[in-house]
DNA sequence: ATGAAAGCGCTAACAG
DNA sequence: CTGTTAGCGCTTTCAT
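Laid out in structure tokens, this is it:
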């Protein structure tokens with residue numbers, strides 16, 4: 001099955017056109033500050049095209065000392081339509097700058113991120129939540145030039161905004177005691193905590209008591225117990241960490257012979273199809289994740305060029321979608 | 001944010017130990033057929049460790065003519081727990097052979113797969129469904145040594161097995177007229193067709209009429225129309241392409257004031273959490289996707305070594321999980 | 001405006 | 001058993 005065919009090299013192109021490899025390199029990378037006659041330029045491009053020339057990435061990386069690979073680290077927790085579209089937005093924005101995005105899905109038996117970073121010689125390593133100092137250091141050690149976001153980037157603002165939107169919607173509907181449904185999963189905790197904080201801020205701003213936090217696993221029993229807990233506390237509406245968790249709450253209600261929104265209103269995050277199709281359809285917070293992807297891309301680009309970058313929540317990226325679960 | 005620190009090279013390690021780079025290369029790759037004294041070996045390893053040496057992947061790829069990168073192409077359609085765990089199984093099995101898996105998520109504005117392949121200098125490119133001849137060719141052109149699966153690999157058997165399991169379950173429960181719910185999405189079609197074929201085979205084997213195929217989009221209205229269609233045809237049970245589609249059917253039933261399993265039994269594929277938590281909980285077909293991942297890994301490894309590989313459905317990888325929607 | 005030449009860090013014959 | 005010697009394909013000063 002393996003193919004042998006000798007690669008077409010830049011020397012082949014140079015020879016075909018009758019110029020030096022240097023010239024070929026200059027036009028192919030359209031290096032600024034060089035003045036190559038349009039005619040030469042055209043002929044080089046044409047020959048490259050005709051011969052099916054592809055720059056050899058490893059050689060280029062070796063010589064130039066940097067690759068055009070950007071690595072995005074994901075874990076199974078972070079999945080669904082939102083992430084898909086963040087990735088699309090990011091990939092598109094990076095592609096426009098000639099950078100290539102690849103993904104690493106962390107998990108069971110998977111390689112450590114720094115190893116992957118080194119293996120693909122990534123120039124930048126990205127995540128959907130801040131890397132702690134130790135991880136960043138390991139990533140730099142592995143050859144990354146840029147690691148994003150770090151703990152000093154206030155990506156957390158994004159998450160707080162989500163919580164705030166959920167709670168404000170509920171408060172506007174007249175709910176006076178809010179609950180929060182968190183999954184009992186370590187990986188989700190950093191994000192869950194920020195979202196919860198946002199909920200808390202909205203409650204405080206409205207003069208309400210802090211949210212009643214309960215853990216709900218992705219099964220009906222666990223959710224049913226939480227439902228009982230909230231009702232006992234006089235909670236009439238709950239913000240869920242995600243649509244998945246929210247659907248679990250819905251299942252918990254069903255198990256108790258109750259239903260949203262009358263017995264307990266519930267709002268999720270993500271706008272995933274199965275939640276939109278739940279009984280009842282779930283109110284949720286959606287991201288303009290393409291925009292978020294583009295923003296991340298901008299930050300990477302700036303950092304890669306050694307400029308200062310900014311990464312801050314923009315409320316316009318979020319949108320509460322009311323449906324019948326509230 | 002950018003780091004400068006000169007890389008530690010194999011020459012540094014060699015110098016530290018007082019041997020040549022060759023020796024270092026040999027012990028680090030523990031090259032077979034070389035007899036390096038345990039003592040030397042140990043000292044090299046120790047020095048490498050101490051200096052924090054990491055082989056430079058591009059240099060290695062350039063010199064050796066091949067990388068240890070395997071690229072898996074995914075598109076947004078294929079997502080969820082199953083894929084996650086295929087990826088984990090695959091990554092783990094590859095890691096054991098010192099290969100690194102990275103993902104490419106195709107979609108809107110994303111780079112063409114061959115470009116990504118070239119950018120990471122992948123030795124092998126994998127997909128979850130067969131690549132057509134043109135794509136394979138482009139991938140080889142882009143430098144891949146192995147492309148898997150191709151149209152000659154009977155990966156389709158896996159999908160037919162899924163459909164067969166769904167239908168047999170329904171038939172065993174006494175259903176005499178089966179429906180099939182397919183999403184109206186081009187990307188899903190190849191797989192949907194195979195699964196449907198499996199359903200058809202089970203029906204034929206039981207002496208039943210072929211399944212009544214209806215398209216259902218991921219929204220209640222569309223599903224409600226399909227539900228009406230099936231009931232009119234005397235269909236009492238439907239196999240859905242996926243859990244997502246199955247949840248839509250459930251929503252369609254709800255919209256009509258009907259419910260599974262009495263008015264229409266429904267079975268999905270994937271075993272995703274939100275479907276398990278649906279009303280009613282969804283019967284589904286789950287994969288042992290870790291196993292599938294390992295199998296794919298074996299095939300890659302064999303192909304990479306130029307050996308013949310086999311890729312065939314193993315019924316033990318699938319399991320029907322009965323719940324109350326049937 | 002273009003070319004010559006010197007590497008980037010590593011592997012792999014081939015000697016010794 | 002280990003070292004010497006060539007490159008792998010590309011970028012990039014520095015001359016011309």
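Protein chains in written order, with full-length UniProt numbering: chain A, 1 to 326; chain B, 1 to 326.
Ideal Cβ placement from N, Cα and C applies to all residues, glycine included.
Here the structure is a predicted model, which means the values were calculated and not measured.
Subject >> Neighbour flag for residue 1 of chain A against chain B, beta carbons, 8 Å >> reply: Residue placement at residue 1 of chain A is poorly supported in this model, since its pLDDT is 42, which falls under 50; the coordinates still yield a value, given next. At a cut-off of 8 Å between beta-carbon atoms, residue 1 of chain A makes contact with chain B.
**OP:** For residue 241 of chain B, name the three-state secondary structure that DSSP assigns.
**Re:** Note: residue 241 of chain B maps to coil in three-state DSSP.
**OP:** Using 10 angstroms around the beta-carbon of residue 18 of chain A, count the other beta-carbons present and answer buried if the total reaches 16, otherwise exposed.
**Re:** With fewer than 16 other Cβ atoms from the protein chains shown falling within 10 Å of its own Cβ, residue 18 of chain A counts as exposed.
**OP:** Tell me where the beta strand (DSSP E) around residue 90 of chain B begins and ends.
**Re:** Annotation: residue 90 of chain B is outside any beta strand (DSSP E); the continuous alpha helix (DSSP H) that includes it extends over 81–96.
Original post:
Going by C-alpha distance, which of A:259, A:236, A:66 is nearest residue 212 of chain A?
Top reply: Cα-wise, what sits closest to residue 212 of chain A is A:236.
Original post:
What do you reckon, are the CB atoms on residue 325 of chain A and residue 285 of chain A nearer than 8 Å?
Top reply: No, the Cβ-Cβ distance between residue 325 of chain A and residue 285 of chain A is not below 8 Å.
Original post:
For the segment 197–252 of chain B, which segments carrying the beta strand (DSSP E) assignment without a break, of at least 3 residues, lie completely within its bounds, in sequence order?
Top reply: Qualifying beta strand (DSSP E) stretches, in chain order: 212–215, 237–240.
Subject >> Euclidean distance between Cα positions of residue 206 of chain A and residue 260 of chain A >> reply: Their backbone Cα atoms lie some 23 Å apart in a straight line.
Subject >> Beta-carbon spacing of residue 65 of chain B, residue 8 of chain B below 8 Å >> reply: In terms of Cβ geometry, residue 65 of chain B and residue 8 of chain B do not form a close pair [threshold 8 Å].
**OP:** Measure from the alpha carbon of residue 73 of chain A to the alpha carbon of each residue in A:57, A:61, A:90, then state which is nearest.
**Re:** Ranking the options by Cα distance to residue 73 of chain A, first place goes to A:90.
Original post:
Quick one: is residue 104 of chain B near chain A, going by C-beta distance under 8 Å?
Top reply: Using a CB distance cut-off of 8 Å, residue 104 of chain B counts as an interface residue toward chain A.
Subject >> Inter-residue spacing [alpha-carbon to alpha-carbon] between residue 283 of chain B and residue 220 of chain A >> reply: Taking the straight line from one Cα to the other gives about 15 Å.
Original post:
Does residue 30 of chain A get closer than 8 Å to chain B when you measure Cβ to Cβ?
Top reply: No, its Cβ sits nowhere closer than 8 Å to a Cβ of chain B.
Original post:
Is residue 69 of chain A helix, strand or coil when you go by DSSP?
Top reply: In the structure shown, residue 69 of chain A adopts extended strand secondary structure according to DSSP, grouped into three states.
Original post:
Closest by CA to residue 320 of chain A, which one among A:165, A:241, A:229?
Top reply: Residue A:165 holds the alpha-carbon nearest to the alpha-carbon of residue 320 of chain A among A:165, A:241, A:229.
Original post:
Taking 8 Å as the CB-CB limit, is residue 82 of chain A close to chain B?
Top reply: Closer than 8 Å: no.
Original post:
Around the Cβ of residue 210 of chain A, are there at least 16 other Cβ atoms within 10 angstroms (buried) or fewer (exposed)?
Top reply: Answer is exposed; the Cβ neighbour count stays below 16.
Original post:
Is it the case that the Cβ atoms of residue 278 of chain B and residue 181 of chain B are separated by a distance below 8 Å?
Top reply: No, Cβ-Cβ distance for residue 278 of chain B and residue 181 of chain B is not below 8 Å.
**OP:** Using a Cβ-Cβ cut-off of 8 Å, state whether residue 190 of chain B counts as contacting chain A.
**Re:** Any Cβ of chain A closer than 8 Å to the Cβ of residue 190 of chain B would place that residue at the interface, and such an atom is absent.
Subject >> Cβ-based burial, residue 270 of chain A [other Cβ within 10 Å; buried from 16] >> reply: Taking all protein chains shown into account, residue 270 of chain A has 16 or more neighbouring C-beta atoms within 10 Å of its C-beta and is therefore buried.
**OP:** Leaving out five residues on either side along the sequence, give the residues of the same chain with a beta carbon under 8 Å from the beta carbon of residue 280 of chain A.
**Re:** So the list reads 250, 259, 260, 261, 323, 324, 325, once near-sequence residues are dropped.
Subject >> residue 79 of chain B at chain A interface by Cβ criterion, 8 Å >> reply: Under the Cβ criterion of 8 Å, residue 79 of chain B is counted among the residues facing chain A.
Original post:
Cα-Cα, which of B:107, B:122, B:23 is closest to residue 300 of chain B?
Top reply: Residue B:122 is the option with its Cα nearest to residue 300 of chain B.
Subject >> Close beta carbons around residue 303 of chain A, own chain, < 6 Å, minus the five adjacent residues each side >> reply: Hits under 6 Å: 146, 309.
**OP:** Check the Cβ-Cβ distances between residue 320 of chain B and every residue of chain A, and say whether any is below 8 Å.
**Re:** By this cut-off, residue 320 of chain B is not an interface position.
**OP:** May I ask which residues mark the beginning and end of the alpha helix (DSSP H) holding residue 273 of chain A?
**Re:** It spans 273–276 - the alpha helix (DSSP H) in which residue 273 of chain A sits, taken as one unbroken run.
Original post:
Terminal residues of the continuous alpha helix (DSSP H) containing residue 321 of chain A?
Top reply: No alpha helix (DSSP H) holds residue 321 of chain A; the beta strand (DSSP E) holding it covers 318–321.
Original post:
Rounded to a whole number of angstroms, what is the C-alpha to C-alpha distance between residue 57 of chain A and residue 246 of chain A?
Top reply: If you take the alpha carbons of residue 57 of chain A and residue 246 of chain A, they lie about 45 Å apart.
**OP:** Measure the alpha-carbon distance for residue 159 of chain B versus residue 195 of chain B and round it to whole angstroms.
**Re:** Each residue's alpha carbon lies about 5 Å from the other.
Original post:
Looking only at its own chain, which residues have a Cβ that is under 7 Å from the Cβ of residue 20 of chain A, when we skip the five neighbours before and after it?
Top reply: Within its own chain, the residues whose Cβ lies closer than 7 Å to the Cβ of residue 20 of chain A, once the five positions on either side in sequence are excluded, are 14, listed in chain order.
Subject >> Cβ neighbour criterion (16 or more within 10 Å) applied to residue 118 of chain B >> reply: When all chains shown are included, residue 118 of chain B counts as buried.
**OP:** Would you mind sorting residue 315 of chain B into buried or exposed? The rule is 16 or more other CB atoms within 10 Å of its CB.
**Re:** By the 10 Å Cβ count, residue 315 of chain B comes out exposed.
**OP:** Give me the Cα-Cα distance between residue 29 of chain B and residue 297 of chain B, rounded to the nearest whole angstrom.
**Re:** Taking the straight line from one Cα to the other gives about 21 Å.
Original post:
Just curious, the alpha helix (DSSP H) that residue 260 of chain B is in, first and last residue?
Top reply: No residue range can be given for residue 260 of chain B, since it is assigned to no alpha helix (DSSP H) and is classified by DSSP as neither H nor E.
**OP:** Count the CB pairs spanning the segment 66–85 of chain A and the segment 96–108 of chain A that are closer than 8 Å, and state whether there are at least three.
**Re:** In the pairwise beta carbon analysis, the segment 66–85 of chain A is classified as touching the segment 96–108 of chain A: at least three pairs are separated by under 8 Å.
Subject >> Under 8 Å between C-beta atoms of residue 289 of chain A and residue 85 of chain A >> reply: Yes, they are a contact pair.
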